[in-house]
Amino acid sequence: MLVERESAISQFDLCVEKLASGTGHVALICGEAGIGKTAFLEQMRRSYQARARFYWSGCDPLLTPRPFGPVHDIVAELSTVLLELLENGASTTSIYSSFYQALESSNEPIVLVFEDVHWADHATLDLFKFLVRRIAFVECLLIISYQDDEVGETHPFRTVLDVLPCAHTSRIPNEPWLSNINN
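Add 177 to the 1-based position in the sequence shown for this note's numbering, that's all there is to it.
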């Protein structure tokens, strides 16, 4: 059971309402490690999985990250064309277009969850910049979680934060959460 998360749940509900109306949206959820971001997102998936298709991935703290690292985790389910492009080392432009086309051609609303984006590779960050500028035109809720204490002024993820469309972006409040009442 999630406790002390009423405002976060309310904000998430608003994001899902926008998605249900056919408008894409970006939701940011940030906070230090262990605050309960993943537990919150898992509960939201259980609550809303009948209303949208969820794809879930995360970034790894690799010294030499592979380009589009977290995209590889979801691509086989999302688009076989995109999978082939990634496997064959296609141009980033082709990958961006194919990713967007997969979202655009979906028969159901999509929720993309990318966790620990403070560890994302540059190619993934560029894909996010491409997507967020077009998010309003697809039935997609792009959820990005990250540790805000890891994202300083010169962190590469700042380039994504700087281009987020205000009208289509929400910040999920990062209250001092408790993952479950028994802890």
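Glycine residues also receive a C-beta, built at the ideal position from the N, C-alpha and C atoms.
query                                                                                                                : result
Euclidean distance between Cα positions of residue 241 and residue 302                                               : 15 Å
Other residues of its chain near residue 209: CB distance less than 8 Å, five sequence neighbours each side excluded : 324, 325 and 326
Endpoints, beta strand (DSSP E) assigned at residue 204                                                              : 202-207
Segment contact, 8 Å Cβ cut-off, at least three pairs: the segment 225-238 with the segment 274-294                  : yes
Under 8 Å between C-beta atoms of residue 345 and residue 211                                                        : no
Rounded separation between residue 297 and residue 334 - CA only                                                     : 8 Å
Three-way DSSP call (helix, strand, coil) for residue 292 in this model                                              : strand
Any chain C beta carbon closer than 8 Å to residue 238                                                               : Absence of chain C from the displayed structure is noted, only one protein chain being present.
Extent of the continuous beta strand (DSSP E) to which residue 317 belongs                                           : 317-323
Cβ contact (3+ pairs, closer than 8 Å) linking the segment 271-281 and the segment 310-320                           : yes
Inter-residue spacing [alpha-carbon to alpha-carbon] between residue 276 and residue 203                             : 16 Å
Nearest neighbour of residue 339, chosen from 307, 316, 220 and 191 [CA to CA]                                       : 307
Cα-Cα separation between residue 317 and residue 192, rounded to whole angstroms                                     : 10 Å
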